[in-house]
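Student: The opening residue of the sequence shown carries number 71 in the working numbering; numbering runs sequentially from there.
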Amino acid sequence: MAKQQGNRRTFKELCADYVLNILDQDERMRFEEMLDEATEEERELYQQMRTKGNELLFSEKDDPSPDELREQLLSEVEDGNEQETDRSSEQMEVASDEKVVDETDDNGETYVSLTLVTSIVLGFICLSLVFYAFSLRSEISTQESTITDQEEEIADLENEMNELQQMLAVIDSRQLHLVRLLGMEANPFGYGNVIWDSQNNRAVVRLAELPSPEEDEQYQLWAIFDNKAVNISSFSVDGNGDALFMTENLDGLDRQKDFSFAVTLETDGESSQLNGEMHLMGSFSGQ
71 MAKQQGNRRT FKELCADYVL NILDQDERMR FEEMLDEATE EERELYQQMR TKGNELLFSE
131 KDDPSPDELR EQLLSEVEDG NEQETDRSSE QMEVASDEKV VDETDDNGET YVSLTLVTSI
191 VLGFICLSLV FYAFSLRSEI STQESTITDQ EEEIADLENE MNELQQMLAV IDSRQLHLVR
251 LLGMEANPFG YGNVIWDSQN NRAVVRLAEL PSPEEDEQYQ LWAIFDNKAV NISSFSVDGN
311 GDALFMTENL DGLDRQKDFS FAVTLETDGE SSQLNGEMHL MGSFSGQ
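See the structure below:
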């Protein structure tokens with residue numbers, strides 16, 4: 071008995087989804103097989119579902135969700151069955167001697183008016199359009215996100231191209247100097263090069279094998295001359311401890327015969343004074 075009740079519940083739920091056209095292909099085939107072997111009571115339930123489903127599809131509610139349609143259809147069929155049971159009981163009490171004769175066609179087919187058929191077809195079309203609109207909105211949203219990501223990537227590539235062009239301009243300078251930076255006690259394996267364009271006071275800096283800084287630490291490049299250190303630029307390193315950047319903050323170096331470049335790791339972020347551990351250093355002599 072419990073198995074029959076479970077089968078009836080499954081038939082009822084699949085019937086609602088079938089009428090509303092929200093089953094996938096496998097589920098539709100499964101339900102149609104169940105319908106071929108359905109009892110008379112289940113076939114009556116199917117006819118009720120089709121009628122109620124048609125009424126729901128043409129209700130005034132805008133853009134109902136599939137879950138809302140299913141719940142409302144099941145609820146109205148439940149209410150209709152209860153009301154039908156009550157009316158049968160009342161008719162039996164009032165006219166106990168009368169017999170109700172159901173007339174059926176000779177071929178056993180249920181007559182369906184042209185209006186009902188048209189309504190069902192239009193209902194399926196409307197429901198399909200609703201699902202298509204949901205899918206289309208989701209696809210548009212995904213494409214917009216992809217376009218945004220691609221625009222950001224293009225902007226990053228354009229910035230990199232501009233930086234490379236500026237670096238190439240430095241290398242093409244007539245007055246070009248190379249200052250090699252070697253590792254100090256804090257980082258004996260580090261090294262780097264500063265390609266200095268003394269004509270335009272700008273340089274391309276390439277550094278390697280620097281340890282990753284902590285959250286409150288910052289690498290800085292300094293120029294040291296006349297017993298003072300001038301902050302040229304702060305910079306970050308990649309996962310391999312490498313850095314490549316260009317700086318134009320070299321005013322005054324073209325007037326110095328001797329000076330040095332140094333790289334320090336400052337513990338309090340960017341500093342105006344050289345206080346941190348020195349990782350790299352290299353000297354330039356104009357003599």
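Just so it is clear, CB atoms sit at the ideal spot from N, CA and C, and this is done for glycine as well.
Any idea what DSSP makes of A278, helix, strand or coil?
Tutor: A278: strand per DSSP, three-state reduction.
Student: Do L344 and W292 have their beta-carbon atoms positioned less than 7 Å apart in this structure?
Tutor: Against a cut-off of 7 Å, the Cβ pair of L344 and W292 comes out as a contact.
Student: Using a Cβ-Cβ cut-off of 7 Å (strictly less than) and excluding sequence neighbours within five positions of G356, which residues of its own chain qualify?
Tutor: Here the set comprises K327, D328.
Student: For D176, is the classification buried or exposed, using 16 other Cβ atoms within 10 angstroms of its Cβ as the cut-off for buried?
Tutor: Interpretation of D176 is limited by its pLDDT of 46, a score under 50 that renders its predicted location unreliable; no figure is taken from the coordinates.
Student: Name the DSSP bridge partner or partners of D328?
Tutor: According to DSSP, which records beta bridges pairwise, D328 is partnered with S355.
Student: Are the CB atoms of S304 and E340 nearer to each other than 7 Å?
Tutor: Yes; because the gap between Cβ atoms is below 7 Å, this pair is in contact.
Student: Identify whether E284 lies in helix, strand or coil by the three-state DSSP scheme.
Tutor: It is coil, neither helix nor strand.
Student: Looking at the structure shown, is V89 part of a helix, part of a strand, or coil, going by DSSP?
Tutor: V89: helix per DSSP, three-state reduction.
Student: Just tell me which of E148, L320, V191, L248 has its CA closest to the CA of G352.
Tutor: For the residues E148, L320, V191, L248, the minimum Cα distance to G352 belongs to L248.
Student: Using CA atoms only, rank isn't needed, just tell me which of V274, E83, E285, G253 is closest to S243.
Tutor: For the residues V274, E83, E285, G253, the minimum Cα distance to S243 belongs to V274.
Student: Would you mind sorting M231 into buried or exposed? The rule is 16 or more other CB atoms within 10 Å of its CB.
Tutor: By the neighbour-count rule (16 or more Cβ atoms within 10 Å), M231 is not buried but exposed.
Student: Which one of L90, D219, G253, N257 has the shortest CA to CA distance from N263?
Tutor: Comparing Cα-Cα distances from N263 to each of L90, D219, G253, N257, the minimum goes to G253.
Student: Can you give me the C-alpha to C-alpha distance between E110 and E141, rounded to a whole angstrom?
Tutor: So the alpha carbons of these two residues sit roughly 24 Å apart.
Student: Label K122 either buried or exposed according to how many other C-beta atoms from any shown protein chain fall within 10 Å of its C-beta, with 16 as the threshold for buried.
Tutor: Looking at its Cβ environment, which holds 16 or more other Cβ atoms inside 10 Å, K122 is buried.
Student: Report yes if the CB atom of N91 is closer than 7 Å to the CB atom of I190, and no otherwise.
Tutor: Against a cut-off of 7 Å, the Cβ pair of I190 and N91 comes out as no contact.
Student: Report buried or exposed for D172, applying the criterion of at least 16 other Cβ atoms within 10 angstroms of its Cβ.
Tutor: Caution is warranted here: a pLDDT of 48 is assigned to D172, below 50, making its placement in the model unreliable, and no coordinate value can be reported.
Student: What's the C-alpha gap between D219 and I294?
Tutor: Straight-line Cα distance between these residues: approximately 43 Å.
Student: Here's the rule I'm using: 16 or more other beta-carbon atoms within 10 Å means buried, otherwise exposed. How should I210 be labelled?
Tutor: Its Cβ having fewer than 16 others within 10 Å, I210 is exposed.
Student: Beta-carbon within less than 8 Å of L143's beta-carbon, same chain only, minus the 5 sequence neighbours each way: which residues are those?
Tutor: These residues qualify, in order along the chain: A86, V89, L90, M119, K122, G123, L126.
Student: Please say whether N271 and D312 have beta carbons closer to each other than 7 Å?
Tutor: No. Outside cutoff.
Student: Tell me which residue opens and which closes the alpha helix (DSSP H) that L105 is part of.
Tutor: 95–106 is the extent of the alpha helix (DSSP H) around L105.
Student: Between which residues of its own chain and E233 is the CB-CB distance below 7 Å, once the five residues before and five after are set aside?
Tutor: Answer for E233: M316, listed in chain order.
Student: Name, in chain order, the residues that DSSP records as bridge partners for S303.
Tutor: According to DSSP, which records beta bridges pairwise, S303 is partnered with L291.
Student: So what does DSSP say about T334, is it helix, strand or coil?
Tutor: It is a strand residue.
Student: Which class does M237 belong to by DSSP, given the choice of helix, strand or coil?
Tutor: Correct three-state label for M237: helix.
Student: Does E235 pass the burial test, meaning 16 or more other C-beta atoms within 10 Å, or should it be called exposed?
Tutor: Checking the sequence shown, residue 235 turns out to be Gln, not Glu. It counts as exposed.
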